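A.B. asks:
Residue numbers (the numbering used here): 4 to 309.
(1) So what does DSSP say about residue 107, is it helix, strand or coil?
(2) Would the segment 139–157 and the segment 69–89 be scored as touching if the rule is three or more Cβ pairs under 8 Å?
(3) Is it buried or exposed for residue 219, if we count other Cβ within 10 angstroms and need 16 for buried?
(4) Straight-line CA distance for residue 262 to residue 273?
(5) What distance in whole Å lies between the Cβ atoms of residue 49 and residue 40, which are believed to be in contact at a cut-off of 8 Å?
(6) Within a Cβ cutoff of 7 Å, which residues of the same chain sit near residue 120, ignoring the five residues on either side of it in sequence?
(7) Let me make sure I understand the geometry here. Which of 102, 20, 5, 37 has the alpha-carbon closest to that of residue 246?
(8) What residue range does the alpha helix (DSSP H) around residue 181 cover?
(9) Check this for me: beta carbons of residue 67 and residue 211, under 8 Å apart or not?
(10) On a CA-only basis, which of 277, 283, 237 is nearest residue 95? Give me that one, please.
(11) Sort out for me which residues DSSP pairs residue 7 with in a bridge.
(12) By the 10 Å Cβ neighbour count, where 16 or more other Cβ atoms means buried, how is residue 4 classified, buried or exposed?
(13) Straight-line CA distance for residue 258 to residue 244?
(14) Whole alpha helix (DSSP H) runs in the segment 99–152 with 4 or more residues, listed along the chain?
(15) Would you mind working out which of 276, 228, 154, 151 sits nearest residue 180, comparing C-alpha positions?
(16) Report the rounded CA-to-CA distance for residue 169 versus residue 45, giving the unit in angstroms.
(17) Considering residue 26, what are the terminal residues of the alpha helix (DSSP H) in which it resides?
(18) Measure the CB-CB distance between residue 152 and residue 130 and report whether it falls below 8 Å.
(19) Apart from the five residues on each side of it in sequence, which residues of its chain come closer than 7 Å, Cβ to Cβ, to residue 166?
(20) Just how far apart, CA to CA, sit residue 110 and residue 43?
(21) Rounded to a whole number of angstroms, what is the C-alpha to C-alpha distance between residue 312 and residue 64?
(22) Checking 8 Å against the spacing of the C-beta atoms, do residue 24 and residue 56 come in under that value?
(23) Using the three-state DSSP reduction, which class does residue 275 fall into: helix, strand or coil?
(24) Shortest alpha-carbon distance to residue 104 belongs to which of 209, 9, 182?
(25) Less than 6 Å between C-beta atoms, sequence neighbours within five positions excluded: which residues of the same chain meet that for residue 234?
(26) Given a threshold of 16 other Cβ atoms within 10 Å of its Cβ, counted over all protein chains shown, does residue 249 qualify as buried or as exposed?
(27) What residues in its chain sit with their C-beta under 6 Å from that of residue 184, if we drop five residues either side in the sequence?
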């Protein structure tokens, strides 16, 4: 069985959006879950978070960035093509309930997986304050979707080309300090106060923070929220092979205990995650990845010269 690519386009440079026909996955998918994809029978397995899903249309949407050999190969595929394996939905879904006020932080490609979580939390009656960030405005995406899913939306860019000039952590800090002062802020996302109250009233207190993005960003967010005592959740994307906990490749250290991101996560208490170990494990196979990329480039060059 193969999975047909229905739509595919480049959102921003090196970041692609792909809609795939995956009936069984689409019918069971929930926010926070992921799939493991294999392009062909000789390919490696890579985990990708389900950025959106439509049970009626029987489709899932994946967002990925060209980083290594497999993601570059995936980027070369077009609508009408197919993928050998799409296994999922895997992992535990996000906890969706009425917390009150939730801050959702998406950094870089992490904007994609934070979207369905923000949307679901909003639907559950929460006030959702979203923060999305990127190095520059030209690589920001899904601003419209995040705005629709949020009561309040903040944008940050490292170079100041859009929104706040700086990092998402600075906005998180400002929001928490605003919260302590009892200032509830204006609704920059979905508009009027009456609509917001109808979707679930709140007392202004930030009850939860969820952050998804590069490990260094998630670690920084955890460092900001910890002194305020605000529950903070991060979604981890370590090296992963089978997605069932058998191989142990996705092990992470949380609260001093070994956990497997594929079956125990992917979401964990940010204040308990050993980010230093996570980042060191993510860097383990960088030399092999570079070698694979070099081989792919050499093969493409040879094919082009014939």
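Cβ coordinates follow ideal geometry from the N, Cα and C atoms, glycine included.
Keep in mind that this is a model prediction, so the values were computed, not measured.
C.D. replies: For this structure:
(1) strand
(2) no
(3) exposed
(4) 13 Å
(5) 6 Å
(6) 34, 35, 97, 107, 213
(7) 37
(8) 171–184
(9) no
(10) 237
(11) 85
(12) exposed
(13) 24 Å
(14) 114–126, 146–152
(15) 228
(16) 42 Å
(17) 26–31
(18) no
(19) 157, 158, 159, 160
(20) 30 Å
(21) Nothing in the structure corresponds to residue 312, since the chain is present only between 4 and 309.
(22) no
(23) helix
(24) 209
(25) 211
(26) exposed
(27) none
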